[in-house]
Structures are given as C-alpha cells and as structure tokens.
Amino acid sequence: MSSIGFVISNDINEAINMYDFVTLDERIDDFIFKKKDIFGSSVDIFTQINPYEDTIFSQDEIKKFLLASKQLLQEDVLDFLEKDFIRENIDKKEFIKFANNMINMCNIALKENKNIVSIGN
38 MSSIGFVISN
48 DINEAINMYD
58 FVTLDERIDD
68 FIFKKKDIFG
78 SSVDIFTQIN
88 PYEDTIFSQD
98 EIKKFLLASK
108 QLLQEDVLDF
118 LEKDFIRENI
128 DKKEFIKFAN
138 NMINMCNIAL
148 KENKNIVSIG
158 N
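Under this note's numbering, residue 158 is the last one in the sequence shown; the count climbs by one each step, no gaps.
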C-alpha cells in the first residue's frame, strides 16, 4: 500500500529528512477520488498528486490544499457518506484526523511563508 507524506519544507532534500509529517494513506486517497463529485472539485488537488514523485507546493497550491481539506470536513457530507465509510472500510476518525492535520499544516506553512513538500513512495 502506498502513501504520500506531506511536510513543511522549502526543498525536497530538507523534506526527506523531516519526521513531522501528515500522511495521505492510499485508501483515503482512493476514497476521496471515488467521492470527489460529492466533496466538490476543490479536492482534485489531492487526487492529482503523483504518489511516486516528490513535489514542492507553492503558497497558492497550499491555499488550495487548505480549501480542499475544509471541504473534506463538511459535516453534512460526512453524514451523507457514513455508510460509504463503513462499506469501504475507511476509518472515519482517521479521515477526519487527516483533514484536520492538513488544515493545521497549511495554516502553519502559510503563516511562516514556507512550502509544503509531498514525499512519494
């Protein structure tokens, strides 16, 4: 199973040695992709990441991640998808934790004027 790690960093070399990161699990990524019509088009930023490459995201892209992460937490949508979480064996608490961690990371990166780097497998 592959996953993508996100870290606050200005370059890939620095990011590779970081230990404080947010992980986008492959199953959560697949769930977002399958339900993107329900979450809204802003979540495309998650589904378009190449999980096998390292990528540096700019401040503008971080703002898109922030918006997308907030979209993932819409209470009415989460309630609507309750059965889908169970059916697809996605831990709803882990899903919410991922989105909240991304929001926190994005806010810190924007405040400190840093980039976010995704580290692929």
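The beta-carbon is built from N, C-alpha and C at its ideal position, and this holds for glycine as well. Small disclaimer: the values here were computed from a predicted structure and weren't measured.
Terminal residues of the continuous alpha helix (DSSP H) containing residue i?
i: residue 116; result: 112-117
Does residue i come out as helix, strand or coil in the three-state DSSP assignment?
i: residue 41; result: strand
i: residue 79; result: helix
i: residue 85; result: coil
i: residue 72; result: coil
i: residue 48; result: coil
i: residue 127; result: coil
i: residue 98; result: helix
i: residue 141; result: helix
For residue i, which of the options has the nearest alpha-carbon?
i: residue 86; options: 77, 104, 75, 98; result: 98
i: residue 67; options: 40, 48, 146; result: 40
i: residue 79; options: 105, 139, 158, 142; result: 105
i: residue 65; options: 54, 148, 151, 122; result: 122
i: residue 101; options: 116, 143, 138; result: 143
i: residue 49; options: 92, 111, 56; result: 92
i: residue 127; options: 81, 113, 63; result: 63
Starting from residue i, follow the beta strand (DSSP E) in both directions and report where the run begins and ends.
i: residue 62; result: 59-62
Could you name the residues that DSSP lists as bridge partners for residue i?
i: residue 92; result: 155
Check this for me: beta carbons of residue i and residue j, under 8 Å apart or not?
i: residue 109; j: residue 146; result: no
i: residue 43; j: residue 133; result: no
i: residue 45; j: residue 103; result: no
i: residue 83; j: residue 69; result: yes
i: residue 118; j: residue 72; result: yes
i: residue 47; j: residue 151; result: yes
i: residue 88; j: residue 138; result: no
i: residue 156; j: residue 75; result: no
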